Structure formats: structure tokens, C-alpha cells
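Visitor: Dropping the structure in here first, questions after.
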Amino acid sequence: MNILSEAAVEKALDKKMNDVSYKMIGQDVSVYYGDKRALYDVNLNVRENTVTALIGPSGCGKSTFLRTLNRMNDTIDGCRVTGRIALDGDDIYDPSIDVVELRARVGMVFQKPNPFPKSIYENVAYGPRIHGLARTRAEMDAIVEKSLQRAGLWNEVKDRLQESGTGLSGGQQQRLCIARAVAVSPEVILMDEPCSALDPIATARVEELIHELRANFTIVIVTHSMQQAARVSQRTAMFHLGQLVEENDTDKIFTNPDDQRTQDYIMGRFG
Amino acid sequence: MSSTHIVSIYDEELKYLTRRISEMGGTAEQMVSDAVRALVTTDGALAQKVISEDVVLDNAERQINEKAVLTITKRQPVSADLREILGAVRIAAELERVGDLGKNTAKRVIAVQGSGMPRKLARGLEHLAELALMQLKEVLDVYATRSVEKAKAIRERDDEIDAIYTSLFRELLTYMMEDPRNITPCTHLLFCAKNIERIGDHATNIAETIYFMATGAQPEGERPKDDNTASLVAAEPSA
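Note that the protein sequences, when read in sequence, are chains A and B.
FYI, the UniProt record's numbering numbers position 197 of the first sequence as 197, with every residue one higher than the one before it.
FYI, the UniProt record's numbering numbers position 124 of the second sequence as 124, with every residue one higher than the one before it.
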């Protein structure tokens, strides 16, 4: 049996702490929709190559926080974000930031599958084309194939790439949207309840996919399914009434959370 | 528990487990107490009653397990709820074992009948049983109140039982050395003492489970042990 001295354990833990690298940093993030405040000074960092789940009851601010990470809130009238959000140390709300380029680095998958009314091929090729990622048709073909493979959809659609993306099943459409998101080689993928419109089999496929994507991407997922958060994430952040209640290892949050509100929420005891 | 579940039938399912555990606890206590009384008064009829009651605990444990499996399947419990259910399963198993030990003690009543157990020995066994039963009763109270402090205290008190068991062990050895005809009844009594001592261990296990249910952590440190019988030997007969 290998017994480490207390000092050695401490050192190993220290090293582990220092090894954590944060892909995105959120500092005192507050969001207002007009006069209404939706987020209160949230401090939450996103670890690299980690799946972070945001949980909490409806209206708690988890989707709002998710959307600040690639400035999706910019499109909402009267929405104001304060505080600092950084991607690899650079403030993403800095005026010099090109939002289109930011969203290529921080991609998004929505609740309802929303493929373009175009062919399966075009759905995936669209992003790489506008960002100039492929010079030749062969390069584009390669990107499309790789993206569809990463999304676990290639084998199902390789013989019908020219058919419309909207003709696929719901689960396939969602994986097409994930292929579309990974096609521009983002660094972070935001997922806003990606499985809430899917059946259990399609959900399991997407969860398997999230597990595989983690090796190459940093993932932040909003989900209403406690079980899903417990299954797919390594870190979990619990929101309530616009505040971050606690953030910790997923294993800890779902077995013995520190905060009573988290405990009540995950056990279905709110009230 | 702080508040109730949004789905109220979930609370009913958890309450069912708590209620059945308490019932099992009551039955187990009664069985052990009757078994020891049957032993010291050599009451064969009472011993028979204890033996026939064991099936009640066996059935209760099975029903608790079935309910726990169903509840886990339906509710996918997490955190304190999951510990509540796992705890019920574990405690049911401990109580079922306590019942078995009571039954085994009762079975030996027939074997020691007519051996004329010395009064002092009977007193020792009764005292051991009193302590074990008190421990069992207290731990069942702690199950009802979920007091972390009391759970810890019970766990740390098992050494008292161990000490008495060790002295009974010595005493029985002495009787056996005095007269080989004592060997049969004394061996049975030794098993009876061991049975009762084990009940204290089960109570301690239950206390640890309750601690885990309430805190999500295992109690720290070794539990105190004062059972030295593993290394006890009879003195060499003097030449």
C-alpha cells in the first residue's frame, strides 16, 4: 500500500488546484433587462475541457448567464451587462472585439433544433464558408465530414448530404446543429437545454456526444434535468433568483451540497 | 427534514421506510429481550416464541428492500434522499441480523436446560443483554430523531459491552476447566454471550449509518474496541 505523507498529499492537492486552467472568467457579472435586474454580481469561471452545468429553477438567470458568454444578449433590446467576462484573458465586451468572430470561438446550440432550411451539407458548410476556413471544395468536404462525424451523425446522413436538414428527425436535427457549431472549430460550446425537445434515445446520443466533445472543447450547458447535469458535467453551478448559489464538483453538488437551496432544489423540495 | 417534496407521494414512500424500520427495531428488541429471559429462566415456550418470530423480521427486510428499489427507480433520489433510502436498506439488514442472533440464542435454551447455570453467570449474561438492548433502544431513538451527536456517542460506547463480554468469556473458561461436564452448556453460553455482544456491534453499525444519513460523511476515527477475547487463552492446568 502506498501511503503518502500529509505534506505530500497537500502538495499534490496544491498542484491540482494550480493546474486548473480557466477558459472563461466571469467577474461581478450583472445583467439588466431594462429596469429589471436578472443577474446579481455573479462570479463564475469556466474550466477548460470541462463540462460545466448551470442548474436552477426557471427564471433563476442561468440562461441569461450562458448568453453573456458569447454576447447573445446583445440582440435583446434594453439588455445591459456589467462586470467583466474574459475569454483566454481578453474582455469579450471590449469595443475592439468582433462579435461575429467571438461567436465563432464561442459557439451555441439552442433548445429547439434550428437547422437552416438548406441541405445537410450547407448547414454545416455555412459557418466555415463565412469565416473563410476552407479554400477549396475538397477542404470544405473534409470539414463537413469531420464535423458530422464529431456530432455522431455522419453514418446516418453521408448518403443524403444534399437533402434538406429540416427533413431529419428531431434528434438528428439537434446533432446537425451541434455539427454546425463544431464546424467553425470553436473553443467553447454553449448549450441551452439541448435535449429538452428530444426523446430519451436521442438524448442519450447527445449526452454521449457531449462526453466525447469535452476532449477538444470547453462546454457550458444549461439543463432542467438534474439527472442530465449529474451525468454529463464535471462542475455544476446552481443559480437562484439571479444569484449564483454555489459552484462545485458535480459529484459533490449531487451528493452533499453545501447550500440548503441547492439541496432543496436537487431533491425536488422547493418551497 | 427541512421541507417536504413537491411530489407528496415521494414523502409517503420515504415515511413508509422509516415506519417499517422502527417496527423492525421494536420486534428485534423484543426478540432479544425474550431470548435472554428464556435463557436465564430456562423457559422453553418463550424460546419457541422467539424462534417463530424471526420470520417477521425476514419478511420486513425483504419488503423494505423491495420498496427501496421501487422508490429509487421511480424517483431517482439524490443527496439526503438517496442516503435516506440506502440507510434504510442497511439498517434493515442490521436489524435482521439482530433478530437472527436472538433466534440463535433462543435455540440454545434447550441445550443448556437442566445444566444449572450458576447465578453469577446468569447475572453476567443479563447485564450484558441489558447493555446491548439499551444500546439498541438508544440507536433506534436516534434513528427517529437523527441526532448526529447522539449517533457519535453511541458509537463510542461499544467498549463497555466488549469489556463485560471479555470477563464473561474468562468466567466460562474457568467453569469449563473446573469440570469437563460444564463444557457443553458453557460452550452454548459462550455462543449466547457472543451473540449478545454482536448485537452491540450491530447497534454501533446502525449509529454509523445514521451519522452517514444525516451528514453525508463517514464518522471519523476507529471505533473503540475492548474485546480482548481473540487473544485470551486458558491458564495451563496446574500440575
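Where is the CB? At the ideal position from N, CA and C, for every residue including glycine.
As the structure is a computational prediction, the values presented were derived from the model and not from experiment.
Only counting runs of 3 or more residues, tell me where the beta strand (DSSP E) segments fall wholly within the segment 45-71 of chain A, in order along the chain.
Guide: Fully enclosed beta strand (DSSP E) runs of 3 or longer: 51-55.
Visitor: Pull up the distance between the alpha-carbon of residue 216 of chain A and that of residue 210 of chain A, whole angstroms please.
Guide: Between residue 216 of chain A and residue 210 of chain A, the C-alpha separation is close to 10 Å.
Visitor: What is the rounded straight-line gap between the Cα of residue 226 of chain A and the Cα of residue 30 of chain B?
Guide: Approximately 43 Å between the Cα atoms of the pair.
Visitor: Examine chain B for any beta-carbon lying closer than 7 Å to the beta-carbon of residue 56 of chain A, and answer yes or no.
Guide: Closer than 7 Å: no.
Visitor: Between B:156, B:155, B:154 and B:189, which lies nearest to residue 170 of chain B when the distance is taken from Cα to Cα?
Guide: Taking only the C-alpha atoms, the option nearest residue 170 of chain B is B:189.
Visitor: How about residue 268 of chain A: is its C-beta nearer than 7 Å to some C-beta of chain B?
Guide: Yes, because at least one Cβ of chain B sits closer than 7 Å to the Cβ of residue 268 of chain A.
Visitor: Determine contact between the segment 72-85 of chain A and the segment 244-252 of chain A, defined as no fewer than three beta-carbon pairs at a distance below 8 Å.
Guide: As far as the Cβ criterion goes, the segment 72-85 of chain A does not touch the segment 244-252 of chain A, which means the pair count is below three.
Visitor: Along the alpha helix (DSSP H) that carries residue 239 of chain A, what are the first and last residues, could you check?
Guide: Residue 239 of chain A -> not in any alpha helix (DSSP H); beta strand (DSSP E) instead, spanning 235-240.
Visitor: In angstroms, rounded to a whole number, what distance separates the CA positions of residue 45 of chain B and residue 220 of chain B?
Guide: Distance between the alpha carbons of residue 45 of chain B and residue 220 of chain B is about 44 Å.
Visitor: Examine the Cβ distances between the segment 14-25 of chain B and the segment 136-143 of chain B and report whether three or more of them are shorter than 8 Å.
Guide: Segments in contact, yes.
Visitor: Ends of the alpha helix (DSSP H) at residue 36 of chain B?
Guide: Here the alpha helix (DSSP H) through residue 36 of chain B covers 8-41.
Visitor: Does the beta carbon of residue 228 of chain A sit closer than 7 Å to a beta carbon anywhere in chain B?
Guide: Chain B contact via Cβ: absent.
Visitor: Kindly list the residues whose CB is nearer than 6 Å to the CB of residue 275 of chain A, restricted to its own chain and excluding five residues on each side of it in sequence; keep chain order.
Guide: The question about residue 275 of chain A has no answer, for chain A in this structure spans 1 to 271.
Visitor: Just confirm the distance between the C-beta atoms of residue 109 of chain B and residue 217 of chain B, as a whole number of angstroms; I'd bet it's less than 8 Å.
Guide: The pair is not a contact, with the Cβ atoms about 42 Å apart (cut-off 8 Å).
Visitor: Within the same chain, show all residues whose beta-carbon is closer than 8 Å to that of residue 231 of chain A, passing over the 5 residues directly before and after it, in chain order.
Guide: Result list for residue 231 of chain A: 207, in chain order.
Visitor: Of all the CB atoms in chain B, is at least one closer than 7 Å to the CB of residue 255 of chain A?
Guide: Yes, residue 255 of chain A counts as interfacial toward chain B.
Visitor: Ignore the nearest five residues each way along the sequence and tell me which others in residue 191 of chain A's own chain have a CB closer than 6 Å to its CB.
Guide: Same-chain partners within the cutoff: 109 and 221.
Visitor: Thinking C-beta only, is residue 214 of chain B closer than 7 Å to residue 146 of chain B?
Guide: Yes, they are a contact pair.
Visitor: Between the Cα of residue 174 of chain A and the Cα atoms of A:130, A:244, A:123 and A:103, which residue gives the shortest distance?
Guide: Taking only the C-alpha atoms, the option nearest residue 174 of chain A is A:123.
Visitor: Under 7 Å between the Cβ atoms of residue 10 of chain B and residue 67 of chain B?
Guide: Cβ atoms of residue 10 of chain B and residue 67 of chain B: not closer than 7 Å.
Visitor: Quick one: give me the first and last residue of the beta strand (DSSP E) that residue 79 of chain A is part of.
Guide: It spans 79-87 - the beta strand (DSSP E) in which residue 79 of chain A sits, taken as one unbroken run.
Visitor: I'd like to know whether the C-beta of residue 78 of chain B is nearer than 7 Å to at least one C-beta of chain A.
Guide: Yes, residue 78 of chain B lies at the interface with chain A (some Cβ there is under 7 Å from its Cβ).
Visitor: What does residue 98 of chain A reach in chain B if we use C-beta pairs closer than 7 Å?
Guide: Result: empty, since nearest Cβ-Cβ is about 43 Å, beyond 7 Å.
Visitor: List, in order along the chain, the chain A residues whose C-beta lies closer than 7 Å to that of residue 216 of chain B?
Guide: Ordered by position in chain A, the residues that pass the 7 Å Cβ test against residue 216 of chain B are 255 and 256.
Visitor: For chain A, check one thing: does any of its Cβ atoms lie closer than 7 Å to the Cβ of residue 81 of chain B?
Guide: With 7 Å as the cut-off, residue 81 of chain B counts as an interface residue toward chain A.
Visitor: For a cutoff of 7 Å on Cβ pairs, would you count residue 6 of chain B as touching chain A?
Guide: Output row for residue 6 of chain B: interface = yes.
Visitor: Under 7 Å, do residue 42 of chain A and residue 244 of chain A count as touching if we go by C-beta distance?
Guide: Cβ distance < 7 Å, so residue 42 of chain A and residue 244 of chain A count as in contact.
Visitor: Below 7 Å between beta carbons: does that hold for residue 199 of chain B and residue 121 of chain B?
Guide: No, they are not a contact pair.
Visitor: Going by C-alpha to C-alpha distance, which of A:224, A:107, A:212 and A:74 sits closest to residue 87 of chain A?
Guide: Comparing Cα positions, the closest option is A:107.
Visitor: Determine the extent of the beta strand (DSSP E) in which residue 28 of chain A is found, giving its start and end residues.
Guide: Unbroken beta strand (DSSP E) run through residue 28 of chain A: 22-33.
Visitor: If you compare alpha carbons, which of A:37, A:34, A:44 and A:53 is closest to residue 28 of chain A?
Guide: Nearest option by C-alpha distance: A:44.
Visitor: Grab me the residues of residue 272 of chain A's own chain with a C-beta within less than 8 Å of its C-beta, minus the 5 sequence neighbours each way, in chain order.
Guide: Chain A is shown only over 1 to 271; residue 272 of chain A falls outside these bounds and no answer can be derived.
Visitor: Rounded to whole angstroms, what is the Cα-Cα separation between residue 65 of chain B and residue 59 of chain B?
Guide: Distance between the alpha carbons of residue 65 of chain B and residue 59 of chain B is about 10 Å.
Visitor: On the CB-based measure, 16 or more other CB atoms within 10 Å of its CB, does residue 75 of chain A come out buried or exposed?
Guide: When all chains shown are included, residue 75 of chain A counts as exposed.
Visitor: Can you name, in chain order, every residue of its own chain whose Cβ lies under 8 Å from the Cβ of residue 4 of chain B, other than the five neighbours on each side?
Guide: Around residue 4 of chain B: 11.
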